[in-house]
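Just so it is clear: in the sequence shown, position 104 is 107 by the numbering used here, and no numbers are missing. Don't be surprised by glycine CBs; every beta carbon is placed ideally from N, CA and C. Shown next, in structure tokens, is the structure this report addresses.
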Amino acid sequence: MSSFRGFVMTIAAAGALLASSAFAHTKLVSSIPAANATVAAPPQITLSFSEGLIPKLSGAEIVMTGMPGMSDERMTISGYQTSTAADGKTLVLTLAQPLSTGNYQVAWHAVSTDTHRVEGILAFTVK
Ligand SMILES: [Cu+2]
Numbered sequence: 004m005s006s007f008r009g010f011v012m013t014i015a016a017a018g019a020l021l022a023s024s025a026f027a028h029t030k031l032v033s034s035i036p037a038a039n040a041t042v043a044a045p046p047q048i049t050l051s052f053s054e055g056l057i058p059k060l061s062g063a064e065i066v067m068t069g070m071p072g073m074s075d076e077r078m079t080i081s082g083y084q085t086s087t088a089a090d091g092k093t094l095v096l097t098l099a100q101p102l103s104t105g106n107y108q109v110a111w112h113a114v115s116t117d118t119h120r121v122e123g124i125l126a127f128t129v130k
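Here you go:
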């Protein structure tokens, strides 16, 4: 009987391990600029995650969603470089030129080392 009991406990432990790894997918912890902040034109946009990222599968699209006194036409920003900081958990978007005054959305996606993909939108305003 004791070997059966041991078997059951092994299964239970394996289940707990699976459950905890399912919760280990990454989430956005903080960003620069912060969500919904109004800032001077940032030289780069930094997205800090809770888990290590797979750089090839992680990135972001930057879109200008509006400009003061202009229509709300969406304009995709290009010419920035995406890299991962030394901690492996931080995506850095280095802009080729300063963002002009307006509202921005950064549509990010991140795949952590557990291979789960998460995504979200960071909005901020450049004054
Ligand atoms: Cu996960």
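Comparing the C-beta of residue i with each C-beta of chain B, is any distance below 8 Å?
{"i": "Leu60", "result": "Considering every chain present, this structure includes no chain B. It has just one protein chain."}
What is the C-beta distance between residue i and residue j, in whole angstroms, given that I count them as a contact (C-beta under 8 Å)?
{"i": "Ala126", "j": "Gln100", "result": "That pair is no contact at about 21 Å."}
Whose CA, out of the options, lies closest to the CA of residue i?
{"i": "Ser53", "options": "Val32, Pro36, Ser61, Ala40", "result": "Val32"}
{"i": "Lys130", "options": "Thr118, Val121, Ile124, Gly105", "result": "Gly105"}
Cutting at 6 Å between CB atoms, please list the residues of its own chain near residue i, excluding the five before and the five after it.
{"i": "Gly62", "result": "Thr85"}
{"i": "Lys30", "result": "Ser53"}
{"i": "Val95", "result": "Gln47, Thr49, Ser86, Ala88"}
{"i": "Ile124", "result": "Gln108, Ala110"}
May I have the straight-line CA-CA distance separating residue i from residue j, to the nearest angstrom?
{"i": "Ser103", "j": "Gly91", "result": "29 Å"}
{"i": "Pro71", "j": "Leu98", "result": "21 Å"}
{"i": "Val121", "j": "Trp111", "result": "8 Å"}
{"i": "Leu56", "j": "Met67", "result": "26 Å"}
{"i": "Ser74", "j": "Ser81", "result": "20 Å"}
{"i": "Ala113", "j": "Thr128", "result": "23 Å"}
{"i": "Pro58", "j": "Pro46", "result": "21 Å"}
{"i": "Gly69", "j": "Ala44", "result": "15 Å"}
Return the chain-ordered list of same chain residues with a C-beta closer than 7 Å to the C-beta of residue i, the five sequence neighbours on each side being excluded.
{"i": "Thr118", "result": "none"}
Please work out which residues of its chain come closer than 8 Å, Cβ to Cβ, to residue i, disregarding the five sequence neighbours upstream and downstream, and give them in chain order.
{"i": "Val42", "result": "Pro36, Phe127, Thr128, Val129, Lys130"}
{"i": "Thr116", "result": "Glu54, Gly55, Leu56, Ile57"}
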